[in-house]
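Q: The sequence shown maps to residues 1 to 288 in the UniProt record's numbering.
Questions regarding the structure given below will be posed in turn.
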Amino acid sequence: MSNALQLPIINLASTDRFSTANSIRKACIDHGFFYLVNHGVDEELVKKVFEQSSNFFSFPIEEKMKLAIKNHRGYTALYAEKLDTALTTKGDSKETFYVGPLADGLNQWPLEEDLPSWRSTMETYHQKVLSAGTKLLPLIALSLKLDEDFFGEVGALNEPLGFIRLLHYPGSGDLDSSSEEIYGASAHSDYGMITLLMTDGVPGLQICREKSKQPRVWEDVPSMSGAFVVNIGDMMERWTNCLFRSTLHRVLPPRQERYSVAFFMDPSKDCIVECLESCCSEARPPRL
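If you want it as structure tokens, here you go:
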């Protein structure tokens with residue numbers, strides 16, 4: 001049995017930056033997750049992204065496989081991925097589509113005549129969420145007792161890497177009946193810097209704050225309308241000398257169809273990541 005969790009709410013538009021930074025610090029130490037509101041991504045745009053995501057995933061599998069993943073862009077089919085490799089099940093019950101950085105020419109796109117405005121909708125969303133993440137990082141820097149321009153000064157924002165991942169979890173009635181315990185997304189942590197997740201409100205997301213303890217205790221993360229669910233990734237955990245936690249999370253197989261959109265934000269390729277001095281001390285030496 002899991003418990004419902006009330007995550008901290010961070011207001012990106014707050015004028016009290018130091019109070020906001022302190023709230024982020026507490027959230028990232030205690031949970032590794034928080035809600036982000038007043039982030040500047042328009043509700044109408046979010047609605048269009050979910051509509052376009054549904055339009056694509058409703059295509060026949062043979063049409064979707066024409067855009068099968070390459071260069072970490074494109075479509076992955078149901079059960080093609082298993083995030084928790086310790087499981088013996090066939091794979092996670094989700095299908096996905098990746099859109100990466102817009103300038104490198106590696107993205108795959110459905111034909112405009114098949115899905116009008118699909119590409120332009122995703123490109124606009126990519127730009128808007130990347131902007132929100134770029135505004136959030138100075139507050140994360142302040143939360144780490146750093147200058148708010150730290151991530152810019154170390155080159156993380158020269159050409160930050162942003163990846164959209166559209167996710168579709170079919171409802172349990174649409175899946176093959178099986179005695180296997182199959183998850184929508186099995187237990188994992190994200191490997192990058194930060195993730196900004198938008199969901200359609202259908203429950204299923206859970207986190208485990210103490211990933212090294214057994215048995216694991218899972219807590220439900222309720223959806224908050226219009227808010228991003230932000231979490232810390234493995235790279236940021238390493239950057240902060242494990243002060244901020246990259247929390248284990250999973251998605252239960254939903255009883256009804258579920259859609260979500262994750263945005264993974266990573267620093268520029270040439271940014272050097274090493275333990276921050278502000279996160280190290282005699283009592284907490286850098287972890288190698």
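Don't be surprised by glycine CBs; every beta carbon is placed ideally from N, CA and C.
Taking the straight line between their C-alpha atoms, what separation do you get for Pro116 and Phe56?
A: Translated into the one-based positions of the sequence shown, residue 116 becomes position 116. Translated into the one-based positions of the sequence shown, residue 56 becomes position 56. C-alpha separation (whole angstroms): 11 angstroms.
Q: Beta-carbon separation of Ala187 and Tyr169 under 9 angstroms?
A: If you number the sequence shown from 1, residue 187 lands on position 187. If you number the sequence shown from 1, residue 169 lands on position 169. No.
Q: What residue does the alpha helix (DSSP H) around Cys280 start on, and which one ends it?
A: The residue you call residue 280 lines up with position 280 of the sequence shown. From DSSP, Cys280 is part of no alpha helix (DSSP H); its letter is neither H nor E.
Q: What's the gap between the Cα of Ser281 and the Cα of Gln52?
A: To locate residue 281, count along the sequence shown from 1; it is residue 281. To locate residue 52, count along the sequence shown from 1; it is residue 52. So the two alpha carbons sit approximately 49 angstroms from each other.
Q: Which residues does DSSP pair with Ser260 in a beta bridge?
A: Here residue 260 corresponds to residue number 260 of the sequence shown, with the count starting at 1. DSSP output for Ser260 lists Leu167 and Thr199 as bridge partner(s).
Q: Select from Glu113, Asn71, Glu123 and Ser14 the residue whose C-alpha is nearest the C-alpha of Leu106.
A: Numbered from 1 along the sequence shown, position 106 holds the residue referred to as residue 106. Nearest option by C-alpha distance: Asn71.
Q: Ignoring anything shorter than 3 residues, give me the beta strand (DSSP E) runs that lie fully in the segment 204 to 255, in order along the chain.
A: You should have 205 to 208, 228 to 232 and 248 to 251.
Q: Does the beta-carbon of Pro267 have 16 or more other beta-carbons within 10 angstroms, so that it is buried, or is it exposed?
A: Position 267 of the sequence shown, counted from the first residue, corresponds to residue 267. The residue is buried, with at least 16 neighbouring Cβ atoms inside 10 Å.
Q: Using the rule of at least 16 other Cβ atoms within 10 Å of the residue's Cβ for burial, across every protein chain shown, is Gly201 buried or exposed?
A: Within the sequence shown, numbered from 1, the residue matching residue 201 stands at position 201. When all chains shown are included, Gly201 counts as exposed.
Q: Leaving out five residues before and five after Pro160 in sequence, what residues of the same chain have Cβ atoms less than 8 angstroms from its Cβ?
A: Within the sequence shown, the letter at position 160 stands for residue 160. Cβ neighbours of Pro160 beyond the five flanking positions: Leu130, Gly133, Thr134, Met265, Asp266, Pro267 and Ser268.
Q: Please list, in chain order, all residues of the same chain as Cys271 whose beta carbon is under 8 angstroms from its beta carbon, the five residues on each side excluded.
A: The residue labelled residue 271 in the question sits at position 271 within the sequence shown. Excluding sequence neighbours, Cys271 sits near Val154, Gly155, Ala156 and Asn158.
Q: With burial defined as no fewer than 16 other Cβ atoms inside 10 Å of the residue's Cβ, what is the status of Leu243: buried or exposed?
A: Counted from its first residue, the sequence shown places residue 243 at position 243. Leu243 should be labelled buried.
Q: Measuring alpha carbon to alpha carbon, tell me which residue in Ala80, Leu197, Phe150 and Gly74 is nearest Leu36.
A: Against the sequence shown, residue 36 aligns to sequence position 36. Of the candidates Ala80, Leu197, Phe150 and Gly74, the one whose C-alpha sits nearest the C-alpha of Leu36 is Leu197.
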